[in-house]
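Now the structure itself:
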C-alpha cells in the first residue's frame, strides 16, 4: 500500500512528534550540515554567483509572465518531433491520463525516474489502484518505496534515513519486489549501492514503459531536461519503448541560452557538485522520430497545472514558481533541521513547502494554513535560493492572508486590543505602569503558564519583571533633571 | 560644532520590550550616548513598532502602529534603537503595512532612513569603535537573525566588543544559526523552538563564558530563559550594557573576573 500525506496533522503537532525522534534529528542534522557545507564552498567558487542568481530569477519571472505562449510553443515543438502532448488541470486528471496511457501498453510493471511532481499528484498510488506496479529507480526514492515510507526532501527523499536503517530496509524488502539483497549485506555505502544496482538492473532491463518528470522544458525546441546523479534516469529515458514525462507547467525556460544559467546553478546549489553527473535532454522521438530504433518509440508529455495558475495569481506568492527544486532552502533551514521533512505533511517540505503548498492548495485546510507559521523568519533560506525567492516576504504575506481570512479570531482580538492600547499614550503608560506594579516579580524557575504560553515555559523561565520601567526611570531622573 | 548649533535632534526609541522588561538596556543606552556627547530625547508617546503584529499577519494593526511611530518620531533627525529587529521595522515592514495608504507610505519612506540600530549608530554615524568601556569578563556574542540578515550589522558589534578594555571575547560556535525565538513561533511551535534553543544554549555553554551578549533582548530572553531553567549561571546582556560600563564602575558584580584583566 503506497503511503500518502492525506489527513496529516497540522505542522505544530506533526513537528512535535518528529522533534522527539532523536535518531531522526541526528540523521537530518548530519545530512543537512554536510550538503550545506559543500554548497557553500562551490557557490563561493563562482565570482559571478550573484549575477547568475539575478539572471535565473529574471528568466523565471519572464517565463511566468508569458507562460501561455511558452507552453504553446512547447506543445508545437514536441508534437512536431513525434511526441504527444496532454494537458492536465489537476492531480486526478494527470493520474487518469498516465494510467490510461500505461494501460494501453498492457504493461503491469513500469519504471520511474524520480519526480517530485509525480509524488505531489500521488501517481504511484493511482497506478497501484489500476493494478500497475511503478518501481522507483533513484536510490533514495527506492529506499523510500521499499520502506513504505514518505519522501522527506526534494533532492534526497531518504535524507531522514541513516545507512543502518537503509541496510535493514534492503535486507527486509528487496526480495519481495525482485532480486533480494546479497547475503551478509553490511551498511558500507559501496555495498549498499551495489545491492541497489543489482536490484534495479533487473527493473531497467525488463521495463517497457518509463515515467519521468523533468527539471526543465526548453520552449524554443520543445526539449525536456533531466538532471541526475546516478544514471538511473538515463537508463529509464533510453531503454523503455514508451516514455511518459509528467511535468509542471512552471518548468519552462525560453531557450537553451537560458538553460545554461540554470545548469550552472542547480548542481552546485543542490548537491554541492560543479555539475550533475548525468544531464539528459530529449526532444520528442528525436530527429528520426523513432525510425532509427534508438530510444523510446512512443513519447507522451503530460503538462500539469495542479494549482500552479492559482499560485501565479498571487502577486507576492508567484515567485515561489521560480523554484528549481534544489533543496538548498531545506538544507539551511533551522526548523527543517529539527523536524525533518515529514512534519510539513507534503512532498515539498522546508521553506519552499511552507510557501508552495498554501499557494498551490489555498489556505482552507488547517494543515496547509499552519505551514506559513512553520518558520522563525530567520531569513537563511533567502540567502541560498538560486532564484532569489524572498521566502520571508511570502511567508508574511500568507500569514496576512490567514489572519485576514478570520482563521485566528481570538489572536486577532488580543493583538488588536494590545495595538489599541499601544497607540494611545495614556493607555500605554498605564499598561506599562501596571506591569511595574506587579514587579519585581520573579516567577519560580519551573512554572508552567496557562493557555498558549504554556509551550514557552516548558523549556524556559519567564524573565523577572523589573520594579521600574524605563519610562518611569526617565521621568524620575532625566525628565526632572532638565 | 559651533556652540549655538544644537546638532541633530536625536531620539531614543527604547522599544516596548525594553521599556517594560529590560529597562537596564535603555538606561545603558542613555549613559553611553551621554558619555559620547549625545543628548537623546525620550518622546514619551512612543510604544511598540508593531513587529509582533506584522510577523503574525496583522497588517492593519501594524499600519496603525506605523502611523503612531511616524507621528511620535517624525520631528527627529535620528532615532536610535537598541534592538536590531525593531530598528528594521520602518524600512522592512512599514512599506508593506502602508499599502493602500499613500500618505503613510510617503511619511514612512521619509522617516525610515533616520531610524538606526544602536551599534550602527555608534560605528557609522558617530564613527567610534572604542567607546571607553571596561568589562573584565568572558563574553560571547550571538548575532541575531535580524541583525545578520535584515539590519545587516556585519562586523560592527564584534568590533565594538573587541575594543572593550579587559574583555575576554570568545566566538560562539554555529553563531549564525537562529535561536528559535521567532516571536510567536516560540508560542505556536514550542517543540521546534525549544529544540533550536537547546542547541543554541549548548553552544553558549561550550564557550565557558559568564555573559552572552546580543543586540536583541527578545532573543536573549529566549536563550537566557533556557540557560536559567537548566540552572546555568550564564548572564544575558544587551551589548550596550557592556559598552556602558567603565573602569570607574569596576567589574560587574556577581560575575567571575578574567585573570590578568586590569
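Chains as they are written, first to last, in our numbering: chain Z, 1 to 482; chain E, 1001 to 1262.
Even for Gly, the Cβ is constructed at its ideal location relative to N, Cα and C.
Computed from a prediction, not measured in an experiment: that's the story for all the values here.
{"Query": "CB contact below 8 Å: residue 1145 (chain E) versus chain Z", "Result": "yes"}
{"Query": "Bounding residues of the alpha helix (DSSP H) (the contiguous stretch that carries residue 70 (chain Z))", "Result": "67-80"}
{"Query": "Any chain Z beta carbon closer than 8 Å to residue 1195 (chain E)", "Result": "yes"}
{"Query": "Alpha-carbon spacing of residue 226 (chain Z) relative to residue 272 (chain Z), whole angstroms", "Result": "18 Å"}
{"Query": "Reference residue 1179 (chain E); option with closest CA among E:1153, E:1212 and E:1151", "Result": "E:1212"}
{"Query": "Boundaries of the alpha helix (DSSP H) in which residue 1223 (chain E) is found, first to last residue", "Result": "1217-1229"}
{"Query": "Nearest-angstrom Cα separation, counted from residue 1138 (chain E) out to residue 1253 (chain E)", "Result": "14 Å"}
{"Query": "Contained beta strand (DSSP E) runs [length at least 3] in the region 1109-1146 of chain E, N- to C-terminal order", "Result": "1115-1117 and 1138-1141"}
{"Query": "Contact set between residue 474 (chain Z) and chain E, taken where Cβ atoms lie within less than 7 Å", "Result": "1042"}
{"Query": "Contact the region 1111-1125 of chain E vs the region 1073-1092 of chain E: 3+ CB pairs below 8 Å", "Result": "yes"}
{"Query": "Enclosing beta strand (DSSP E) for residue 169 (chain Z) [first to last residue]", "Result": "Per DSSP, residue 169 (chain Z) belongs to no beta strand (DSSP E); it is in the alpha helix (DSSP H), 163-173."}
{"Query": "Alpha carbon of residue 1155 (chain E) to alpha carbon of residue 1110 (chain E), nearest angstrom", "Result": "27 Å"}
{"Query": "Euclidean distance between Cα positions of residue 460 (chain Z) and residue 1027 (chain E)", "Result": "26 Å"}
{"Query": "Backbone CA spacing between residue 4 (chain Z) and residue 269 (chain Z) [nearest angstrom]", "Result": "28 Å"}
{"Query": "Whole runs of the alpha helix (DSSP H) within the region 333-357 of chain Z, excluding any shorter than 4 residues", "Result": "334-339"}
{"Query": "Nearest residue (CA-CA) to residue 1025 (chain E), options E:1203, E:1011, E:1239 and E:1200", "Result": "E:1239"}
{"Query": "Chain Z within 8 Å of residue 1190 (chain E), Cβ atoms only", "Result": "yes"}
{"Query": "Cut-off 7 Å between Cβ atoms - residues of its own chain near residue 329 (chain Z), not counting five sequence neighbours on either side", "Result": "350, 351, 352, 381, 384, 385 and 391"}
{"Query": "Cβ-Cβ distance between residue 1228 (chain E) and residue 1186 (chain E) below 8 Å", "Result": "no"}
{"Query": "The alpha helix (DSSP H) enclosing residue 451 (chain Z), as first and last residue numbers", "Result": "No alpha helix (DSSP H) holds residue 451 (chain Z); DSSP gives it neither H nor E."}
{"Query": "Near-chain E residues of the region 332-345 of chain Z (beta-carbon distance less than 7 Å), N- to C-terminal order", "Result": "334, 335, 338 and 339"}
{"Query": "Proximal residues to residue 502 (chain Z) (C-beta, below 7 Å), its chain only, five neighbours per side dropped", "Result": "Since the first residue shown for chain Z is 1 and the last is 482, residue 502 (chain Z) is missing from the structure and cannot be characterised."}
{"Query": "The alpha helix (DSSP H) enclosing residue 201 (chain Z), as first and last residue numbers", "Result": "189-206"}
{"Query": "Chain E contact for residue 15 (chain Z) (CB, 8 Å cutoff)", "Result": "yes"}
{"Query": "Reference residue 1177 (chain E); option with closest CA among Z:335, Z:410 and Z:258", "Result": "Z:335"}
{"Query": "heavy atom of the ligand NAD below 7 Å from residue 103 (chain Z) C-beta", "Result": "The ligand NAD is not part of the structure shown, which contains no ligands of any sort."}
{"Query": "Close-in-space but distant-in-sequence residues of the same chain around residue 1125 (chain E) (CB under 8 Å, 5 per side omitted)", "Result": "1078 and 1116"}
{"Query": "CB of residue 107 (chain Z) within 8 Å of CB of residue 135 (chain Z), strictly", "Result": "no"}
{"Query": "Unbroken stretches of the beta strand (DSSP E), 3 residues or longer, contained in the region 92-120 of chain Z", "Result": "109-112"}
{"Query": "Members of the region 1055-1069 of chain E near chain Z, C-beta cut-off 7 Å", "Result": "1055, 1056, 1057, 1058, 1059, 1061, 1064, 1065 and 1068"}
{"Query": "Beta-bridge pairing of residue 1176 (chain E) - partner residues as DSSP gives them", "Result": "Residue 1176 (chain E) is not bridged to any residue."}
{"Query": "Positions along the region 287-315 of chain Z whose CB lies within less than 9 Å of some CB in chain E", "Result": "none"}
{"Query": "Of the listed residues E:1220, E:1172 and E:1008, nearest to residue 1207 (chain E) (C-alpha basis)", "Result": "E:1172"}
{"Query": "Residue 102 (chain Z) to residue 96 (chain Z) span [Cα, whole Å]", "Result": "10 Å"}
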